[in-house]
Amino acid sequence: MIGMKKRFLAVALLLAFAPACDSDRNGGTSASAVPDDPGVSASTASDDPVSSASAVSDDSAVPVLIRLEEIAPKGTYDRPTGLERRFDRPDVLYVVEQAGRIRLLDPSSREATPEAVLDITDRVSDDGNEQGLLGLAFHPSRPGEAYVNYTTKTHTVVSRFAADPSASDRLDPSSEKVILTFRQPRANHNGGQLAFGPDGMLYIATGDGGGAGDPQGNGQDKHSLLGKILRIDVDRTDGELAYSIPGDNPFAGGGGAPEVYAYGLRNPWRFSFDPATGRLWAADVGQDRWEEINLVEKGGNYGWNVREGLDCYKPAEGCPSDGLIPPIHQYGREDGVSVTGGYVYRGSSIPELKGWYVFADYAFGTIWGLRLKGDGTASHRVLAESGLQITSFGAGSDGEIYVCAQDGGIFRIRNG
Ligand SMILES: [Ca+2]
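Following this line, the structure appears as structure tokens:
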């Protein structure tokens with residue numbers, strides 16, 4: 043556990059990294075650790091079979107260190123931003139490329155130029171560092187149906203593509219149906235993750251719209267779609283909408299945008315559902331100090347831009363805490379500058395890692411494991427220093443976790 047003394051060091055590092063904070067999705071942060079605050083409610087923690095089964099008070103049951111098995115060498119993919127799967131094709135994966143392509147990944151055959159499943163580079167803008175094709179989710183029961191999240195120069199677009207009738211492995215670029223689109227005031231902080239939850243709803247991560255410190259206050263604005271995790275039902279339309287609002291969304295009856303599921307987020311860069319517990323884990327990239335891991339609950343307010351991690355942000359002192367859910371974990375500038383969220387490990391090749399949430403720092407390349415303890419707090423440890431710029435993770439149908447590197451390499455986490 044990192045001590046508070048490191049915060050002094052973090053101040054110096056903060057100065058070094060500060061100019062980068064607003065120009066990319068990197069935010070920064072300093073020190074550590076498990077908060078004294080009630081990070082997660084006891085009821086949330088107690089229904090986790092993993093944490094309750096391993097309710098130990100120390101970290102003696104920590105997993106072994108891991109190694110990264112190269113599945114595709116660098117240069118195979120073009121700036122991957124995600125790695126997804128569809129339920130009817132358990133043996134292959136789909137790599138999302140920032141410029142606007144989706145390519146197959148067959149771990150059993152190392153193709154130098156993997157087949158393109160979809161190419162929408164004609165409508166995706168990746169001019170900005172954080173723009174591009176940022177998310178993909180296949181429908182959980184109609185596998186030929188894909189949902190993507192990308193940016194144009196001015197907007198986020200969430201749309202659906204159908205299978206190519208002449209080649210069911212491919213998606214038909216002419217079949218695009220825009221589901222939801224909204225303006226992005228700046229090029230950065232676009233979120234972009236898509237995932238279907240255990241409830242069959244489509245969850246969408248959006249950033250705060252960019253600009254240092256969330257100048258428009260989007261994170262706390264319940265009526266804005268920015269700085270949120272949204273939840274929509276794509277199986278039903280509603281009047282002009284290409285989707286419908288789940289009846290139990292927090293603001294389905296008013297008080298905010300009905301699509302909002304959770305708010306107070308800055309730039310949630312990758313979220314995932316733990317298939318064993320249904321929990322939604324989200325990493326939120328920090329501004330100047332703290333990178334966060336959050337357990338996201340319906341209607342939850344994760345604090346930005348009132349707070350950055352556990353600290354006050356606006357106002358800098360005396361900020362309120364009522365109703366704000368602190369991160370389950372945060373780390374600071376001496377440990378990294380931009381968190382990349384991952385997955386809870388549910389594979390079988392590393393038994394000691396089962397139930398641990400695996401995540402990384404994009405710039406430092408450190409990969410951590412974090413688990414909930416019986417008391418609802420979290421403990422974490424370094425699993426590997428990868429030396430990679432880790433843009434995203436992915437989980438195979440077997441629960442094994444994959445790593446996407448900025449240089450186009452793909453790796454699988456293996457027992458060290
Ligand atoms: Ca927060």
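Residue numbers (our numbering): 43 to 458.
All C-beta atoms in this analysis are idealised placements derived from N, C-alpha and C, irrespective of residue type, glycine included.
In this text, all values refer to a predicted model and were calculated from it rather than measured experimentally.
Quick one: measure Cβ to Cβ for residue i and residue j, integer angstroms, because I've assumed they're closer than 8 Å.
i, j, result
"residue 236", "residue 177", "4 Å"
"residue 136", "residue 126", "5 Å"
"residue 434", "residue 122", "7 Å"
"residue 146", "residue 138", "The Cβ separation is near 12 Å, so there is no contact."
"residue 351", "residue 376", "Between residue 376 and residue 351 the Cβ distance is about 14 Å, and since that is not below 8 Å, they are no contact."
"residue 305", "residue 273", "So it is not a contact: roughly 12 Å between Cβ atoms."
"residue 238", "residue 217", "The pair is not a contact, with the Cβ atoms about 19 Å apart (cut-off 8 Å)."
"residue 315", "residue 383", "Rounded, the Cβ-Cβ distance is 12 Å, inconsistent with contact."
"residue 385", "residue 318", "At roughly 11 Å, the Cβ-Cβ gap does not stay under 8 Å, so residue 385 and residue 318 are not in contact."
"residue 110", "residue 445", "6 Å"
"residue 215", "residue 160", "6 Å"
"residue 179", "residue 163", "About 20 Å; that fails the 8 Å criterion."
"residue 336", "residue 370", "6 Å"
"residue 221", "residue 454", "Contact doesn't hold; Cβ gap of about 32 Å is too wide."
Once the 5 residues before and after residue i are set aside, which same chain residues still bring their CB inside 8 Å of it?
i, result
"residue 293", "264, 299, 300 and 302"
"residue 391", "442, 456 and 457"
"residue 440", "132, 389 and 390"
"residue 407", "427, 428, 429, 430, 431 and 432"
"residue 353", "331 and 332"
"residue 228", "251, 252 and 253"
"residue 196", "225 and 226"
"residue 187", "180, 181, 202, 203, 204 and 205"
Quick one: grab the DSSP three-state call for residue i.
i, result
"residue 376", "coil"
"residue 217", "helix"
"residue 394", "helix"
"residue 181", "coil"
"residue 162", "coil"
"residue 136", "strand"
"residue 254", "coil"
"residue 53", "Caution is warranted here: a pLDDT of 31 is assigned to residue 53, below 50, making its placement in the model unreliable, and no coordinate value can be reported."
"residue 347", "coil"
"residue 225", "strand"
"residue 381", "strand"
"residue 459", "Past the edges of the chain, shown from 43 to 458, lies residue 459, and the structure says nothing about it."
"residue 244", "strand"
"residue 328", "coil"
"residue 231", "coil"
"residue 361", "coil"
"residue 203", "strand"
Among residues of its own chain, excluding the 5 on either side of residue i, which ones have a beta-carbon nearer than 6 Å to its beta-carbon?
i, result
"residue 117", "450"
"residue 130", "185"
"residue 278", "286"
"residue 250", "231, 256, 260, 261, 268, 269 and 308"
"residue 194", "167"
"residue 367", "342 and 344"
"residue 158", "143 and 145"
Which residues mark the beginning and the end of the beta strand (DSSP E) in which residue i is found?
i, result
"residue 446", "443-447"
"residue 420", "420-427"
"residue 208", "Element bounds for residue 208: n/a, residue is neither H nor E."
"residue 402", "399-403"
"residue 190", "188-193"
"residue 145", "143-147"
"residue 114", "108-114"
"residue 333", "333-338"
"residue 436", "432-437"
"residue 411", "408-414"
"residue 236", "236-238"
"residue 125", "122-126"
"residue 454", "452-457"
Quick one: residues in its chain with C-beta nearer than 7 Å to the C-beta of residue i, no 5 flanking neighbours on either side, listed in chain order?
i, result
"residue 67", "Only weak support exists for where residue 67 lies, its pLDDT of 37 falling under 50; the value from the coordinates is given anyway. Within the same chain, residue 67 has close Cβ partners 172, 230, 231, 309, 311, 327 and 380."
"residue 405", "68, 378, 379, 380 and 431"
"residue 198", "191, 223, 224, 226, 232 and 248"
"residue 424", "408 and 410"
"residue 258", "227 and 251"
Tell me whether residue i counts as near ligand 3, meaning its Cβ is closer than 7 Å to at least one heavy atom of that ligand.
i, result
"residue 312", "The model depicted lacks ligand 3 and carries ligand 1 instead."
- What are the start and end residues of each continuous beta strand (DSSP E) run of 3 or more residues lying completely inside the region 261-323, in chain order? Listed in chain order, they are 270-274, 302-305 and 310-315.
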